[in-house]
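Take a look at the structure set out below.
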Amino acid sequence: MPVTYNLAQIDEAVQYIIKNAKNNVLLFYGEMGAGKTTLIKALVKALGSEDKVSSPTFSLVNEYHTPQEPIYHFDFYRLEDPNEALDIGLEEYLNSPGWILIEWPQKIQDFLEENFQKIEISIQDENTRTLNLC
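The opening position of the sequence shown corresponds to residue 4 in the working numbering, with each subsequent residue numbered one higher.
In structure tokens:
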């Protein structure tokens, strides 16, 4: 079921994801500017981290701390060769406990499992987004 939200409703969208995700690995699909990082910031906060969240565009991965397990946030937008993801230990991350949040997963499609939770974010207008768990 698609969920439409704006910034004031982002926490509701995040709770929908947490309650309905079929897996702890979340794959965020959406065009540039769709709000993937903004949604991930709210998600990391809702999962109990007080860390500052930023897109790991150049480092490829950021780790955020929670009282439970860590959260790993990947951004593969600038990835030129999918094997670079393996070089940073992607397989180990994908098998670790905790939440794994991946922006631009299409860049590493060959390394992803079918049972990972796909989240498609689409722009409705300047302030409104729709997300769909696939």
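Glycine is no exception: its CB is placed at the ideal position from the N, C-alpha and C atoms.
Where residue i falls: helix, strand or coil (DSSP)
| i | result |
| --- | --- |
| residue 111 | helix |
| residue 3 | Residue coverage of the chain in this structure runs from 4 to 137, which leaves residue 3 outside it and unanswerable. |
| residue 54 | coil |
| residue 71 | coil |
First through last residue of the alpha helix (DSSP H) which encompasses residue i
| i | result |
| --- | --- |
| residue 23 | 13 to 23 |
| residue 86 | 86 to 90 |
| residue 40 | 39 to 49 |
| residue 96 | 93 to 97 |
Burial state of residue i (16 or more Cβ within 10 Å)
| i | result |
| --- | --- |
| residue 81 | exposed |
| residue 52 | buried |
| residue 21 | exposed |
Residue i - containing beta strand (DSSP E), residue span
| i | result |
| --- | --- |
| residue 76 | 74 to 78 |
| residue 106 | 102 to 106 |
| residue 135 | 131 to 136 |
| residue 7 | 6 to 8 |
Those residues which DSSP pairs with residue i across a bridge
| i | result |
| --- | --- |
| residue 120 | 29 |
| residue 65 | 76 |
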